[in-house]
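First up is the structure itself, then whatever we jot down about it.
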Amino acid sequence: MADSLKVDQSVVHLYHATIKEATVLQVDVYAIGLYLEDTMTAPEEVLRSEQIKAVEITFLIAVKKLKLASAWMRDFQRCCPESCRSLRESAQALTKKLPDIKRGDRVSYRLHPDRVDVLINDRSLGALDDSCGAVAVLSAFIGERAPERLRQALLAPPPPAGR
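Numbering (my numbering), first residue to last: 6 to 168.
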């Protein structure tokens, strides 16, 4: 994972990275990095912050588009409040554009206060134009209903300086 990324006119820095594994088969599925403009540790601060953020995922296995779309919508159903119906509809529309994912492919979420840009291998798939988009996407990884191991790994306190 890169130490930093440029998102529009902002630079975001790698806060933490980890590996996500499929729980049943215990197969490493993807490497994920959480990037922030400012260092914060409380999940609610990260979720609600107006700062630019990014989530970078590098797949370690191939994933068929139907399986990826199903997992994506399951995460939105789990993490997106009823008030975000339009966001769910936008997410559903984006799933129709998802390709089959090959090992090494990258999915990027560039999180802005008013939208989430979704990229695959640095090419725009589209955007979720909704003010609750960033919260919904981040909630899948670091929210209350996110897998606990993933949430803890991405939000662990930074190591002491000089290490």
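Beta carbons: idealized from backbone N, C-alpha and C, even for Gly. These figures come from a predicted structure and were not determined experimentally.
#### Entry: Burial state of K25, where buried means 16 or more other Cβ atoms lie within 10 Å
buried
### Message
Among the candidates S129, M78, K102, D105, whose CA atom is the shortest distance from the CA of L92?
### Response
M78
### Task
Note the first and the last residue of the continuous alpha helix (DSSP H) segment covering G138.
138-147
### Message
Just to confirm my understanding: we take K69, look at its own chain, exclude 5 residues before and 5 after, and list those with CB closer than 6 Å. What are they?
### Response
D105
### Nonlocal neighbours in the same chain, by C-beta distance under 7 Å from D110, ignoring five residues either side
Excluding its 5 nearest sequence neighbours in each direction, D110 has C-beta neighbours in its own chain below 7 Å: F64, I125, N126, listed in chain order.
### Task
Go through the region 53-90 residue by residue and report every complete run of the alpha helix (DSSP H) that reaches 4 residues or more, in order.
Taking only runs of at least 4 residues, the alpha helix (DSSP H) segments lying wholly in the region 53-90 are 70-84.
### Task
Quick one: grab the DSSP three-state call for L155.
helix
### Query
What is the rounded straight-line gap between the Cα of H117 and the Cα of P162?
23 Å
### Helix, strand or coil at A132 according to DSSP, with G and I counted as helix
In this structure, A132 counts as strand in the three-state DSSP scheme.
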